[in-house]
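Line by line, the protein sequences give chains A and X.
Under our numbering, the first sequence has 99 at position 99, and the numbering climbs by one with no breaks.
One gets our numbering by counting positions in the second sequence from 1 and adding 314 to each.
This report refers to the structure that appears directly beneath it.
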Amino acid sequence: MTSTPTKQSRIVYGILVANIVSLLLVGGSKWLATWLEGSHAGNSSGVFIFSSFIIVPLIMGAISAWYWHPLKLKTIQYIGWSAVSTLVACATSFVFLKEGVICLLIVSPLILCFIITGALLARMLYNRKNNTLNSSIAGLAFLVLIADTFSSHENIRLVSDTIIVNAPIEKVWPYVVEYKPITLKEDYWLFQIGMPRPVQSTVDGYEAGAGRKCIFSNGYVFDEKMIVYKPNDELTFDIISQPHDPEIMGHIDILRGQFLLKDNGDGTTTVIGNSWYKLYVFPGWYFNLWSESITRNVHLRVMEHIKILSEEHV
Amino acid sequence: MFDWVVKNFGPLKHVPVLPHVFDAFLKMISLFQHKHLLDYVDDIETEVCSWQNTSVSVHKYGGIQFNTYNRELGHIHGNGLLDVLFSREQKLMLMKQYPVQDHHVFKNSGWISFKIKTIEDKQIALELLKYAYDLKPCPSPHGRG
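Here it is in structure tokens:
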């Protein structure tokens, strides 16, 4: 004897099954990519391709709608239960994929939007009772997931910022190379809620090839090697090792940093800060909004500090 | 915001799924701006589906589309914007009777746009769709039945 699932159990199944399938798809695609690429996998096991944040949430929404559509739920209920499903997805990513809270905070709007889209589109398709079309769309989504898993994912970006320091260039240069701990009050919201922020920079020499360390608030250290050291002109350094933690740092590599100084001829100096980074999360158009904002605020925090130190003794 | 996106990012409507993501986003925004709007749209869907030979589908540029005999009557976007197709003469006549406007993109066509916000607007939207429904000729001599 079989019993008809109750409304509550259908809603719960819709959330649970969607989340189990998403874990299998994300975990499975990462495992498959790493296994097939073997020792050449490099960082691919750390790459979250756009499918993870677009195709998988769309599929999650479609799975949920499969369980929910016989209940004739209102649109507002679809949105509400999709929001619950997003929270469950974030919790499972925190537990099983070891993602950080801030990382999940950044990605959750994207996941929510695509889960709702998937659920509402699928509700309409299921109501059409056109199973050929439904199967075609499911097959297409699966093909995109597979194709995306094995596509090249290169996303290297540059963020550049400029400030004017009211001090001559020779006063500014020493603080570009190294600076004492930053005591500025934090006003960027992601730093306020716990994202690591730059605190201090030290060097072990004053020439190209010497080491430099950028120390962050939670003790993270970026080991750098100065590759261009031109006093009062340019400091360029490659990042040779950096921490990988569950927060944003696990999904981005800072490749190179650079300070360019220009004498303005009126006792002031223009300081240009450049950073090159590589993103391991896709779609780039969404995550670049965040990484640019974070990199810019790292720049501005350091450059404001350099400005204050340089102007102190003028 | 809807108008700004349509004006500046119009060509992106051809990217698969993107218009539907935008429509889902509009629905989320609508939840905060007009608490009952999504319920009104659900009510309109239920009512239109009760008319003979009608169906609903996903509108290609996002939203819910109402059809009769597989021909479009009109559609509602996630922000409650109803678009209905009439002839230009009918459109001019309706603009005198109802607070409807030129279509938000195709201003010189027979399309009209009407923004649903209140329960009274829901009733007007239904009247407009019913008017369009009654105007649509039956494809066969057997009529609508």
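All residues carry an ideal CB built from backbone N, CA and C; glycine is no exception.
### Task
Starting from residue 113 of chain A, find everything on chain X with Cβ-Cβ shorter than 7 Å and list it in chain order.
335, 338, 339
### Task
Could you give the DSSP three-state label for residue 434 of chain X: helix, strand or coil?
helix
### Query
Hey, is residue 457 of chain X's beta-carbon within less than 9 Å of any beta-carbon in chain A?
Because residue 457 of chain X sits at a pLDDT of 46, beneath the cut-off of 50, its placement in the model cannot be relied upon, and the point is left open.
### When A:157, A:256, A:116, A:217 are compared against residue 59 of chain A, the one with the closest alpha-carbon
Nearest option by C-alpha distance: A:116.
### Message
I need the boundaries of the beta strand (DSSP E) containing residue 266 of chain X, first residue and last residue.
### Response
Because chain X spans 315 through 459 in this model, residue 266 of chain X falls outside it and cannot be assessed.
### Query
To the nearest whole angstrom, what separates the beta carbons of residue 169 of chain A and residue 102 of chain A, a pair I think is in contact under 8 Å?
Not really, about 37 Å apart at Cβ, beyond 8 Å.
### Task
Using a Cβ-Cβ cut-off of less than 7 Å, list which residues of the segment 71-94 of chain A approach chain X; keep chain order.
74, 75, 76, 79
### Task
Pick helix, strand or coil for residue 384 of chain X, following the three-state DSSP scheme.
coil
### Query
If you compare alpha carbons, which of A:202, A:161, A:160, A:158 is closest to residue 174 of chain A?
For residue 174 of chain A, the nearest C-alpha among the options comes from A:202.
### Task
Note the first and the last residue of the continuous beta strand (DSSP E) segment covering residue 276 of chain A.
Element bounds for residue 276 of chain A: 269-279.
### Query
Quick one: which chain X residues come within Cβ less than 8 Å of residue 116 of chain A?
At a beta-carbon threshold of 8 Å, the residues of chain X lying near residue 116 of chain A are 338, 341, 342, ordered along the chain.
### Task
Taking 9 Å as the cut-off, decide whether the C-beta atoms of residue 232 of chain A and residue 256 of chain A are in contact.
no
### Message
In this structure, how does DSSP classify residue 282 of chain A when only helix, strand and coil are distinguished?
### Response
Coil at residue 282 of chain A, not helix or strand.
### Task
With a cut-off of 8 Å on the beta carbons, I'd call residue 64 of chain A and residue 82 of chain A a contact; round off their distance for me.
7 Å
#### Entry: Residue environment, residue 302 of chain A, which counts as buried when at least 16 other CB atoms sit within 10 Å
buried
### Query
What do you get for residue 333 of chain X, buried or exposed, if any count of 16 or more other CB atoms within 10 angstroms of its CB means buried?
buried
### Query
CA-CA distance, residue 374 of chain X and residue 360 of chain X?
Looking at the backbone, the Cα of residue 374 of chain X and that of residue 360 of chain X are separated by about 20 Å.
### Span of the alpha helix (DSSP H), counted from its first residue to its last, around residue 340 of chain X
332-347
### Query
For residue 525 of chain X and chain A, any beta-carbon pair shorter than 9 Å?
No information on residue 525 of chain X is available, as it lies outside the stretch 315 to 459 that chain X covers here.
### Nearest-angstrom Cα separation, counted from residue 162 of chain A out to residue 266 of chain A
17 Å
#### Entry: As assigned by DSSP and simplified to three states, the class of residue 193 of chain A
coil
### Short CB-CB distance (under 9 Å) between residue 124 of chain A and chain X
Among the CB atoms of chain X, one or more fall inside 9 Å of the CB of residue 124 of chain A.
### Coil, strand or helix - residue 182 of chain A by DSSP
coil
### Query
Whole-angstrom Cβ separation of residue 376 of chain X and residue 337 of chain X, contact assumed at under 8 Å?
3 Å
### Task
Please state whether DSSP places residue 419 of chain X in a helix, a strand or coil.
coil
#### Entry: Status (buried if at least 16 other CB within 10 Å, exposed otherwise) for residue 209 of chain A
exposed
### Message
Within a Cβ cutoff of 6 Å, which residues of the same chain sit near residue 43 of chain A, ignoring the five residues on either side of it in sequence?
### Response
Residue confidence is low: residue 43 of chain A scores 46 on pLDDT, short of 50, so the model does not pin down where it sits. No coordinate-derived value is stated.
### Query
Considering only residues of the same chain and omitting the five flanking positions on each side of residue 443 of chain X, which have a CB-CB separation below 8 Å?
358, 362, 380, 387, 388, 396, 398
### Task
Use the C-beta contact count for residue 410 of chain X: other C-beta atoms within 10 angstroms, 16 or more gives buried, fewer gives exposed.
Label assigned to residue 410 of chain X: exposed.
### Query
Using 9 Å as the limit for Cβ to Cβ distance, is residue 419 of chain X near chain A?
no
### Query
Is the beta carbon of residue 298 of chain A less than 9 Å from the beta carbon of residue 258 of chain A?
no
### Query
Assuming residue 52 of chain A and residue 17 of chain A make a contact with CB atoms under 8 Å, what is their CB distance in whole Å?
Between residue 17 of chain A and residue 52 of chain A the Cβ distance is about 18 Å, and since that is not below 8 Å, they are no contact.
### Message
Tell me which residues share the same chain as residue 344 of chain X and place their Cβ nearer than 7 Å to its Cβ, disregarding the 5 neighbours each side in the sequence.
### Response
351, 352, 392, 393, 394
### Closer than 7 Å at the beta carbon, the chain X residues around residue 121 of chain A
Listed along the chain, the chain X residues whose CB falls inside 7 Å of the CB of residue 121 of chain A are 334, 372.
### Message
For residue 356 of chain X and residue 75 of chain A, I'd like the C-alpha separation in whole angstroms.
### Response
7 Å
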